[in-house]
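Under my numbering, the letters of the sequence shown match residues 35 to 279, in that order.
The beta-carbon is built from N, C-alpha and C at its ideal position, and this holds for glycine as well.
One structure below.
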Amino acid sequence: MEDIYNYMIWGNYDQKITALAKMTGENWNTKDNTNNPILKRYLTHTTKKLEEEGKILTTDEYCIINTGLFTTYYEPIYIYAEKNYSSSDPDWFFKSFATPYDLGNLGITTLPERANYFQDPSLLIFNPNYKINVQFKHIYDDEDNRTRMPREILESKNIHSVFKGAIDTMIKKVTANYKIAVPQYFNGQIQLLLPLCLVDENKPDLALVVTRVNNIYQGHTCLTLEMAYNNARLIAKPESNWLVP
């Protein structure tokens with residue numbers, strides 16, 4: 035699927051997305067962008083996943099997409115679009131973000147399911163009995179990883195000691211409270227995001243990404259908190275207080 039923006043005629047896209055953001059009651063902005071960038075990315079990735087799973091409902095007259103989001107009253111939110119009968123592309127014309135009640139008023143009662151990101155719920159919870167192997171060389175030497183690090187850590191002669199100490203502290207914290215580990219979906223995999231406090235022990239600077247392989251975790255890269263939140267929000271709104279938009 036192309037970007038959801040090009041999948042249907044939206045009119046004022048930003049205005050529609052702002053209305054959806056208000057329906058959810060969530061903050062979808064970042065420090066540098068107040069135009070709901072997290073929500074736009076969420077919709078793009080969610081609709082692509084739904085297409086892969088064959089869960090976009092289309093008829094001769096309308097198209098319905100389950101956003102996986104909920105109103106402040108915990109009602110599911112759907113994208114409702116009608117057939118574009120003009121000669122121009124695309125095939126659909128956005129009508130509304132609708133609840134099951136709204137669609138029921140239109141006589142529509144068969145609704146598509148939401149995207150499914152995991153089959154094994156145990157992948158969502160950190161197991162403190164599993165060792166974490168970290169690919170330190172990649173984290174230290176990879177240019178993308180280096181640009182994400184705090185400058186004082188990057189320039190420190192004790193960078194390895196700092197990282198090792200932050201990882202040891204993080205393991206103690208997540209062992210005491212498993213909710214600190216936040217699941218994310220990336221490249222078809224469920225991974226866990228773990229906070230690394232490198233400068234201030236009470237303030238995370240990066241998220242360590244770990245993937246479970248049998249009975250160990252492989253830690254292979256670090257993300258900025260903004261990147262981590264974007265990936266995590268595909269599954270659900272993170273409950274942990276360290277990962278916020």
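Could you check where the alpha helix (DSSP H) with residue i kicks off and where it finishes?
{"i": "THR144", "result": "Taken as a continuous stretch (DSSP letters only), THR144 belongs to no alpha helix (DSSP H), as it is neither H nor E."}
{"i": "ALA262", "result": "259–266"}
Give a yes or no on whether the C-beta atoms belonging to residue i and residue j are separated by under 9 Å.
{"i": "ILE224", "j": "TYR151", "result": "yes"}
{"i": "PHE127", "j": "ILE113", "result": "no"}
{"i": "ILE201", "j": "LEU157", "result": "no"}
{"i": "THR209", "j": "PRO162", "result": "yes"}
{"i": "ALA149", "j": "LYS74", "result": "no"}
{"i": "ASP239", "j": "LEU259", "result": "yes"}
{"i": "THR101", "j": "THR78", "result": "no"}
{"i": "TYR47", "j": "LYS165", "result": "no"}
Considering residue i, what are the terminal residues of the beta strand (DSSP E) in which it resides?
{"i": "ASN167", "result": "165–168"}
{"i": "ASN226", "result": "Reading off the sequence shown, one finds Leu at residue 226, where the question assumed Asn. Segment 223–230, the beta strand (DSSP E) holding LEU226."}
{"i": "ASN211", "result": "No beta strand (DSSP E) contains ASN211, which DSSP labels as neither H nor E."}
{"i": "LYS129", "result": "126–132"}
Would you grab the beta carbon distance between residue i and residue j for me? Rounded to a whole angstrom, and I think it's under 8 Å.
{"i": "ASN264", "j": "ILE99", "result": "No, ASN264 and ILE99 are not in contact; Cβ-Cβ is about 20 Å, not under 8 Å."}
{"i": "PHE170", "j": "PHE197", "result": "7 Å"}
{"i": "HIS172", "j": "THR255", "result": "7 Å"}
{"i": "LEU227", "j": "ALA262", "result": "5 Å"}
{"i": "LEU257", "j": "ALA241", "result": "5 Å"}
{"i": "ILE51", "j": "ASN70", "result": "5 Å"}
{"i": "THR106", "j": "GLY59", "result": "4 Å"}
Taking just the CA atoms, how far does residue j sit from residue i?
{"i": "TYR76", "j": "ARG267", "result": "7 Å"}
{"i": "GLU116", "j": "ASP125", "result": "9 Å"}
{"i": "LYS207", "j": "ILE214", "result": "8 Å"}
{"i": "PRO155", "j": "VAL244", "result": "16 Å"}
{"i": "CYS97", "j": "ASN167", "result": "46 Å"}
{"i": "ASN67", "j": "PRO279", "result": "11 Å"}
{"i": "THR92", "j": "GLU177", "result": "44 Å"}
Is residue i helix, strand or coil when you go by DSSP?
{"i": "PHE152", "result": "coil"}
{"i": "THR58", "result": "helix"}
{"i": "LYS271", "result": "coil"}
{"i": "TYR107", "result": "coil"}
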